[in-house]
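Numbering (the numbering used here), first residue to last: 33 to 91. Even for Gly, the Cβ is constructed at its ideal location relative to N, Cα and C. Predicted model, so just to flag it, every value in this text is computed and none were measured.
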């Protein structure tokens, strides 16, 4: 995508790599945060058997 827009320059590649690495780390930490918080007891585990979706009658 960067080549298409003319941003693929050798002098900019290290910055793009750092940005891509930072983005990947943030996404990974974000997705792992809630399960880790539940396992460590920071967040309470959701109650088992709870209804998540309520059915609505459509007229």
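### Message
In whole angstroms, give me the CA-to-CA distance for residue 65 and residue 47.
### Response
Along the chain shown, read from residue 1 onward, the residue named residue 65 stands at position 33. Along the chain shown, read from residue 1 onward, the residue named residue 47 stands at position 15. Going by the C-alpha atoms only, they are around 27 Å apart.
### Task
Specify, as a first and last residue, the run of the alpha helix (DSSP H) that residue 43 falls within.
Residue numbering aside, residue 43 sits at position 11 when the chain shown is read from its first letter. Where residue 43 is concerned, there is no enclosing alpha helix (DSSP H), given that its DSSP letter is neither H nor E.
#### Entry: Alpha carbon of residue 62 to alpha carbon of residue 74, nearest angstrom
Stepping through the chain shown from its first residue, residue 62 is reached at position 30. Stepping through the chain shown from its first residue, residue 74 is reached at position 42. When rounded, the distance between both Cα atoms is 15 Å.
### Message
Since residue 70 and residue 77 should fall inside the 8 Å C-beta cutoff, what is the C-beta to C-beta distance between them, to a whole number of angstroms?
### Response
By 1-based counting over the chain shown, the position of residue 70 is 38. By 1-based counting over the chain shown, the position of residue 77 is 45. At roughly 5 Å, the Cβ-Cβ gap stays under 8 Å, so residue 70 and residue 77 are in contact.
### Task
Tell me whether residue 75 sits in a helix, a strand or coil according to DSSP, three-state version.
Position 43 of the chain shown, counted from the first residue, corresponds to residue 75. Three-state result, residue 75: coil.
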